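Number of protein chains: 2
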Amino acid sequence: MDVASVEGLEGLTIGRLAADLGISKSGLLGHFGTKEALQLATLERAAVIFDREVWRPAAAVGPGLPRLRAVCAAWISYLERGVFPGGCLFVSSTFEYDGRGGPVRVLLRRQFRAWQRRLSADVRLAAAEGDLPEDTDAGQLVFELLGVMMSLNHTIQLHGETAAATRAVRAVDRLLAGQLPVGAVPSGNPA
Amino acid sequence: MDVASVEGLEGLTIGRLAADLGISKSGLLGHFGTKEALQLATLERAAVIFDREVWRPAAAVGPGLPRLRAVCAAWISYLERGVFPGGCLFVSSTFEYDGRGGPVRVLLRRQFRAWQRRLSADVRLAAAEGDLPEDTDAGQLVFELLGVMMSLNHTIQLHGETAAATRAVRAVDRLLAGQLPVGAVPSGNPA
DNA sequence: AAGAATAGCGACCGATCGGTCGGACTCTAT
DNA sequence: ATAGAGTCCGACCGATCGGTCGCTATTCTT
Numbered sequence: 001m002d003v004a005s006v007e008g009l010e011g012l013t014i015g016r017l018a019a020d021l022g023i024s025k026s027g028l029l030g031h032f033g034t035k036e037a038l039q040l041a042t043l044e045r046a047a048v049i050f051d052r053e054v055w056r057p058a059a060a061v062g063p064g065l066p067r068l069r070a071v072c073a074a075w076i077s078y079l080e081r082g083v084f085p086g087g088c089l090f091v092s093s094t095f096e097y098d099g100r101g102g103p104v105r106v107l108l109r110r111q112f113r114a115w116q117r118r119l120s121a122d123v124r125l126a127a128a129e130g131d132l133p134e135d136t137d138a139g140q141l142v143f144e145l146l147g148v149m150m151s152l153n154h155t156i157q158l159h160g161e162t163a164a165a166t167r168a169v170r171a172v173d174r175l176l177a178g179q180l181p182v183g184a185v186p187s188g189n190p191a
Numbered sequence: 192m193d194v195a196s197v198e199g200l201e202g203l204t205i206g207r208l209a210a211d212l213g214i215s216k217s218g219l220l221g222h223f224g225t226k227e228a229l230q231l232a233t234l235e236r237a238a239v240i241f242d243r244e245v246w247r248p249a250a251a252v253g254p255g256l257p258r259l260r261a262v263c264a265a266w267i268s269y270l271e272r273g274v275f276p277g278g279c280l281f282v283s284s285t286f287e288y289d290g291r292g293g294p295v296r297v298l299l300r301r302q303f304r305a306w307q308r309r310l311s312a313d314v315r316l317a318a319a320e321g322d323l324p325e326d327t328d329a330g331q332l333v334f335e336l337l338g339v340m341m342s343l344n345h346t347i348q349l350h351g352e353t354a355a356a357t358r359a360v361r362a363v364d365r366l367l368a369g370q371l372p373v374g375a376v377p378s379g380n381p382a
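Top line first, the protein sequences correspond to chains Y and L. Residues 1 to 191 (our numbering) are what the first sequence spells out, left to right. Residues 192 to 382 (our numbering) are what the second sequence spells out, left to right.
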């Protein structure tokens with residue numbers, strides 16, 4: 001996962017990975033069979049890490065807006081801390097494979113969809129509870145949240161500006177609170 | 192550029208490109224010298240295309256907020272029309288090379304910086320003219336605009352949802368108008 | 001203790017990678 | 001007429017790619 005996040009899923013070559021692990025190529029291939037299977041396994045495992053780093057810290061918080069805030073905070077922290085040295089593996093991978101076919105792209109689609117569904121559910125719940133305007137477009141909000149995280153990932157990885165995390169925090173705060181009726185005070189940390 | 196936008200700057204192999212062009216490998220390398228020079232030339236040329244597609248259509252509009260709106264509209268259209276078949280070449284390339292060193296990454300950084308400066312200048316102008324709140328953080332706004340475009344690029348390329356362009360339009364409208372004093376009516380197309 | 005998986009090895013495969021080299025051809029400036 | 005620059009070619013280079021094969025050593029099961 002570390003190699004793939006830096007060099008890309010395609011740059012994760014069998015020979016190099018085997019050398020890094022101190023085993024032979026055939027010894028490595030014996031476990032996965034093909035490179036494609038290795039790539040899929042890498043993504044599956046990365047999903048577990050992502051879940052542990054982003055979802056689980058927020059799972060304890062009550063569903064709806066509070067959990068949404070917690071998830072976004074954990075998400076930003078996950079990017080800020082550089083859990084994967086080359087940035088979020090899913091972000092890297094989606095831009096690497098979005099133009100190709102095959103099982104890797106299919107898996108990426110499923111994973112992104114699942115994540116978006118999770119977020120959408122909390123958005124809808126927050127709207128139903130009155131923490132967000134009741135006409136909130138969940139898809140729209142998730143679309144914009146994802147954009148904030150991609151921009152943050154880009155800023156950290158290309159420009160090395162870890163401090164941009166505060167930008168992401170501000171953007172999230174506005175997205176999750178700015179649609180409240182005017183005069184309402186966001187419950188999160190005000191910018 | 193077309194090949195690189197789909198396969199990545201690294202997947203733009205000399206042999207394949209030569210075959211696509213109907214010339215020999217050495218004939219192609221005679222023009223560029225090395226693969227890295229070919230990659231740099233690809234990015235330089237893509238910047239010309241991007242400028243033509245996104246900046247020039249808006250250049251005629253007066254500077255400040257109007258031009259900002261025009262640029263964003265052209266930007267969204269550029270992604271929606273699929274000027275590069277694999278999505279924005281700069282978005283693909285930045286996530287491919289952000290974790291590596293070398294001249295390609297350096298060039299990408301320069302190009303992104305230049306683009307952000309251009310946008311920031313219009314944001315500051317808009318703020319000075321009162322079209323945006325005078326305490327507008329230009330860097331913050333550009334950060335969020337970039338995120339919207341990345342999310343749009345992702346949605347179109349991975350999920351094939353060209354209709355997500357309306358999401359981007361809504362997000363941009365809110366970013367460029369939502370910070371106005373309450374009650375003010377955005378001058379753009381209201382959602 | 002016998003047998004079956006499992007894990008790992010080194011050697012090897014054809015293909016492709018980026019890149020070099022010497023030569024042939026064309027065009028232009030002198 | 002000729003020299004030089006530019007363009008392109010086919011042949012070739014070592015390295016690396018993903019992957020296969022036959023073999024051995026270990027471990028687990030019965």
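Note that CB positions come from ideal geometry on N, CA and C, so glycine has one too. Fair warning: this is a prediction, and the values are worked out from it, not measured in the lab.
Below-8 angstroms beta-carbon distance, L/H222 vs any chain Y residue:
Here the question's residue 222 of chain L lines up with position 31 in the second sequence. Not an interface residue.
Just to confirm the assignment, what range does the alpha helix (DSSP H) spanning L/T233 have?
As a first step, residue 233 of chain L is located in the second sequence; it is residue number 42 there, counting from the start. Here the alpha helix (DSSP H) through L/T233 covers 226-241.
Are any of the Cβ atoms in chain L nearer than 8 angstroms to that of Y/L146?
Looking up residue 146 of chain Y in the first sequence gives position 146. So, interface residue.
Are the C-beta atoms of Y/L107 and some chain L residue less than 8 angstroms apart?
Here residue 107 of chain Y refers to the residue found at position 107 when the first sequence is read from its first residue. No - not a single Cβ of chain L is within 8 angstroms of the one on Y/L107.
Three-way DSSP call (helix, strand, coil) for Y/F32 in this model:
Taking the first sequence and counting its residues from 1, the one referred to as residue 32 of chain Y is at position 32. It is helical.
Identify whether Y/G130 lies in helix, strand or coil by the three-state DSSP scheme.
Residue 130 of chain Y sits at position 130 when you count from the first residue of the first sequence. The answer is coil: DSSP assigns Y/G130 none of H, G, I, E or B.
Verify whether the separation of the beta carbon atoms of L/R358 and Y/F90 is less than 8 angstroms.
On the second sequence, position 167 is the one that residue 358 of chain L refers to. On the first sequence, position 90 is the one that residue 90 of chain Y refers to. Cβ distance not < 8 angstroms, so L/R358 and Y/F90 don't count as in contact.
Taking all protein chains shown into account, do 16 or more other C-beta atoms lie within 10 angstroms of the C-beta of Y/R56, making it buried, or fewer, making it exposed?
Taking the first residue of the first sequence as position 1, residue 56 of chain Y is located at position 56. That one is exposed.
With a threshold of 7 angstroms on Cβ separation, who are the neighbours of Y/S120 within its own chain once the five nearest residues in sequence on each side are excluded?
Here residue 120 of chain Y refers to the residue found at position 120 of the first sequence. Around Y/S120: A138, G139, V142.
For the stretch 311-355 of chain L, which segments carrying the alpha helix (DSSP H) assignment without a break, of at least 4 residues, lie completely within its bounds, in sequence order?
329-350
Would you mind sorting Y/L12 into buried or exposed? The rule is 16 or more other CB atoms within 10 Å of its CB.
Counting from 1 along the first sequence, the entry for residue 12 of chain Y is found at position 12. Result: buried.
Contact under 8 angstroms by Cβ, Y/D98 with L/L349:
In the first sequence, counting from the first residue as 1, residue 98 of chain Y sits at position 98. In the second sequence, counting from the first residue as 1, residue 349 of chain L sits at position 158. Yes, they are a contact pair.
Can at least three beta-carbon pairs, one atom from the stretch 265-284 of chain L and one from the stretch 336-355 of chain L, be found at a separation below 8 angstroms?
yes
For Y/R45, which residues of its own chain have a beta-carbon under 7 angstroms away from its beta-carbon, when the five flanking residues on both sides are left out?
Indexing the first sequence from 1 puts residue 45 of chain Y at position 45. Excluding residues within five positions, the ones whose Cβ falls inside 7 angstroms are M1.
If you draw a straight line from the C-alpha of Y/P190 to the C-alpha of Y/A73, how long is it?
Mapped onto the first sequence, residue 190 of chain Y falls at position 190. Mapped onto the first sequence, residue 73 of chain Y falls at position 73. Confidence at Y/P190 is low in this model, with a pLDDT of 43, below 50, so its placement is unreliable and the value that follows should be read with caution. Roughly 14 angstroms between the two C-alpha positions.
Coil, strand or helix - Y/A60 by DSSP
Taking the first residue of the first sequence as position 1, residue 60 of chain Y is located at position 60. DSSP places Y/A60 in coil when its eight states are reduced to three.
If you measure from the beta carbon of L/F286 to each beta carbon in chain Y, is any gap under 8 angstroms?
For the purposes of this step, residue 286 of chain L is identified with residue 95 of the second sequence, where counting begins at 1. Closer than 8 angstroms: yes.
Closer than 8 angstroms is the cut-off here; do at least three beta carbon pairs connect the stretch 115-131 of chain Y with the stretch 353-368 of chain L?
no
Contact criterion: CB-CB distance below 8 angstroms. Does Y/M150 meet it with respect to chain L?
Along the first sequence, one-based indexing puts residue 150 of chain Y at 150. True, the Cβ-Cβ gap to chain L drops below 8 angstroms.
For a cutoff of 8 angstroms on Cβ pairs, would you count Y/V6 as touching chain L?
The sequence position of residue 6 of chain Y within the first sequence is 6, counting from 1. So, interface residue.
L/S283 CB to nearest chain Y CB: under 8 angstroms?
Translated into positions along the second sequence, residue 283 of chain L becomes position 92. Yes, contact with chain Y.
Could you work out which residue in Y/A58, Y/I156, Y/T155, Y/A41 is closest to Y/A4 when comparing CA atoms only?
Working through the first sequence from its first residue, we reach residue 4 of chain Y at position 4. Comparing Cα-Cα distances from Y/A4 to each of Y/A58, Y/I156, Y/T155, Y/A41, the minimum goes to Y/A41.
Reference L/E227; option with closest CA among L/A249, L/E352, L/P294
The residue given as residue 227 of chain L occupies position 36 in the second sequence. Answer by Cα proximity: L/P294.
Verify the CB distance criterion: does L/A356 have a CB-CB separation below 8 angstroms to chain Y?
On the second sequence, residue 356 of chain L is found 165 positions in, with the first residue counted as 1. L/A356 does not count as touching chain Y.
Give a yes or no on whether 8 angstroms exceeds the smallest Cβ distance from Y/G102 to chain L.
Walking along the first sequence from the start, residue 102 of chain Y turns up at place 102. Output row for Y/G102: interface = no.
DSSP state of L/V274, grouped into three classes?
On the second sequence, position 83 is the one that residue 274 of chain L refers to. Three-state DSSP puts L/V274 in coil, outside helix and strand.
Supposed contact pair L/L299 and L/L229 - C-beta distance, whole angstroms, cut 8 angstroms
Walking along the second sequence from the start, residue 229 of chain L turns up at place 38. Walking along the second sequence from the start, residue 299 of chain L turns up at place 108. Their Cβ separation, rounded to whole angstroms, is 15 angstroms, which puts L/L229 and L/L299 out of contact at 8 angstroms.
Given a cut-off of 8 angstroms on the beta-carbon distance, is the pair Y/A58 and Y/A47 in contact?
Translated into the one-based positions of the first sequence, residue 58 of chain Y becomes position 58. Translated into the one-based positions of the first sequence, residue 47 of chain Y becomes position 47. In this structure, Y/A47 does not lie closer than 8 angstroms to Y/A58 by Cβ.
Strictly below 9 angstroms CB to CB, what residues from chain Y border L/Q348?
Stepping through the second sequence from its first residue, residue 348 of chain L is reached at position 157. Those are T94, F95, D98, G99, listed as they occur along chain Y.
Would you please verify whether the beta carbon of Y/Q140 is less than 8 angstroms from any beta carbon of chain L?
Within the first sequence, residue 140 of chain Y is the residue found at index 140, counting from 1. By this cut-off, Y/Q140 is an interface position.
Could you check where the alpha helix (DSSP H) with Y/S24 kicks off and where it finishes?
Residue 24 of chain Y sits at position 24 when you count from the first residue of the first sequence. First-last for Y/S24: undefined, no H or E at that position.
Is the Cβ-Cβ distance between L/V197 and L/P276 less than 8 angstroms?
In the second sequence, counting from the first residue as 1, residue 197 of chain L sits at position 6. In the second sequence, counting from the first residue as 1, residue 276 of chain L sits at position 85. Cβ atoms of L/V197 and L/P276: closer than 8 angstroms.
When burial is assigned at 16 or more other CB atoms within 10 Å of the CB, is L/D326 buried or exposed?
Within the second sequence, residue 326 of chain L is the residue found at index 135, counting from 1. When all chains shown are included, L/D326 counts as exposed.
Closest residue to Y/H154 among L/G213, L/V297, L/T285, L/R304 (Cα-Cα distance)
Walking along the first sequence from the start, residue 154 of chain Y turns up at place 154. Nearest C-alpha to Y/H154: L/T285.
Run down chain L in chain order and give the residues with a C-beta less than 9 angstroms from the C-beta of Y/A171.
Working through the first sequence from its first residue, we reach residue 171 of chain Y at position 171. By Cβ distance, chain L contributes Q331, F334, E335, G338.
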